[in-house]
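Asker:
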Amino acid sequence: MTGPKIAPSLLAADFAKLADEVARVEESADWLHLDIMDGHFVPNISFGIPVIAALRPHTKLYFDCHLMTTNPDAFVEELSAAGVDLVTMHIEAIPDPVPAIERAKGHNLDIGLVLNPGTPATAVEPFLDVIDLVLVMSVEPGFGGQAFIPDVLGKVEKLRESVEKQGLATDIEIDGGITPDNVGRAAEAGANVFVAGTAIFGADDPAKAVEELRRTIEEK
Ligand code: DX5
Ligand code: ZN
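Just so you know, the sequence shown maps onto residues 2 to 221 in my numbering.
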């Protein structure tokens with residue numbers, strides 16, 4: 002496990018000026034969380050791979066691409082060419098993720114598996130030793146600005162315990178409704194990567210909002 006990382010979600014940024022929005026968190030954030038939605042796996046459409054490719058030359062941030070699509074493994078090659086660093090795929094969309102994991106690694110991508118709020122930790126536990134990260138959704142995927150579901154913290158604890166028990170370095174990321182009020186609890190439960198959209202890009206000063214989240218985590 003690496004130290005705590007803050008990943009602003011571009012979904013909450015002003016889409017009319019994406020490069021400027023990213024520049025506002027360039028120095029304070031660790032990762033940039035990029036939500037791709039297909040209107041099929043989730044009932045919403047966001048932005049696609051060409052948008053990510055267009056942003057790549059404008060930032061050095063690590064690109065964390067959360068695929069909310071069916072057939073996520075079909076996009077691995079294109080995502081790699083677009084300059085994505087990490088791709089995360091929903092276990093609900095690929096019950097046998099091993100071929101997709103191998104394909105992602107073959108294209109030099111870090112790979113993570115995502116769990117919806119209702120999906121148990123056991124769905125990804127068999128793969129913890131072959132992936133880089135587990136993403137625990139703390140809202141139903143599809144929309145920003147929803148309320149954090151505290152029930153998922155037990156799952157974060159369980160996954161952290163499994164990771165530690167096996168002596169792995171697998172990161173545990175949490176996504177959905179993260180604010181300074183709940184980020185400390187998420188860190189305590191064992192998350193070490195924190196996605197926040199509204200709490201960062203909805204703030205007057207996004208860089209300050211990143212720092213506030215970081216401070217809260219460090220003080221926990
Ligand atoms: C929801 C997305 C999240 C979203 C988080 O489907 O996966 O990444 O952007 O936004 P907030 O922080 O506003 O809940
Ligand atoms: Zn996301």
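Think of the CB as a built atom: it goes at the ideal place given N, C-alpha and C, for glycine as much as any other residue.
Predicted, not measured: the structure shown is a model, and the values here were computed from it.
First and last residue of the beta strand (DSSP E) that includes Lys6?
Answerer: Start and end: 6 to 9.
Asker: Who are the near neighbours of Pro9 in its chain, counting only those whose CB is closer than 6 Å to its CB and skipping five residues on each side?
Answerer: Only Val26, Ala30, Ile201 meet the Cβ criterion.
Asker: Kindly give me the distance between the Cβ atoms of Ile150 and Ile102, rounded to whole angstroms, as I take these residues to be in contact under 8 Å.
Answerer: Contact flag wrong, Cβ pair sits at about 27 Å.
Asker: How about Val137 and Ile175: are their beta carbons less than 8 Å apart?
Answerer: Yes; because the gap between Cβ atoms is below 8 Å, this pair is in contact.
Asker: Let me know the secondary structure DSSP gives Val77 once reduced to three states.
Answerer: Val77 falls in the helix class under three-state DSSP.
Asker: For Gly185, report the span of its alpha helix (DSSP H) as first-last.
Answerer: Residues 184 to 190.
Asker: With C-beta atoms as the reference, is Arg234 less than 8 Å away from Gly84?
Answerer: This structure cannot speak to residue 234, because the chain is shown only from 2 to 221.
Asker: In its own chain, which residues sit with a C-beta less than 8 Å from the C-beta of Gln167, not counting the 5 before and 5 after it?
Answerer: Excluding sequence neighbours, Gln167 sits near Leu129, Asp130.
Asker: Please report the distance separating the alpha-carbon of Glu165 from that of Pro44.
Answerer: Rounded to whole angstroms, Glu165 to Pro44 spans 35 Å at the Cα level.
Asker: With DSSP as the reference, label Ala1 as helix, strand or coil.
Answerer: Limits of the chain in this structure are 2 at one end and 221 at the other, which puts residue 1 out of reach.
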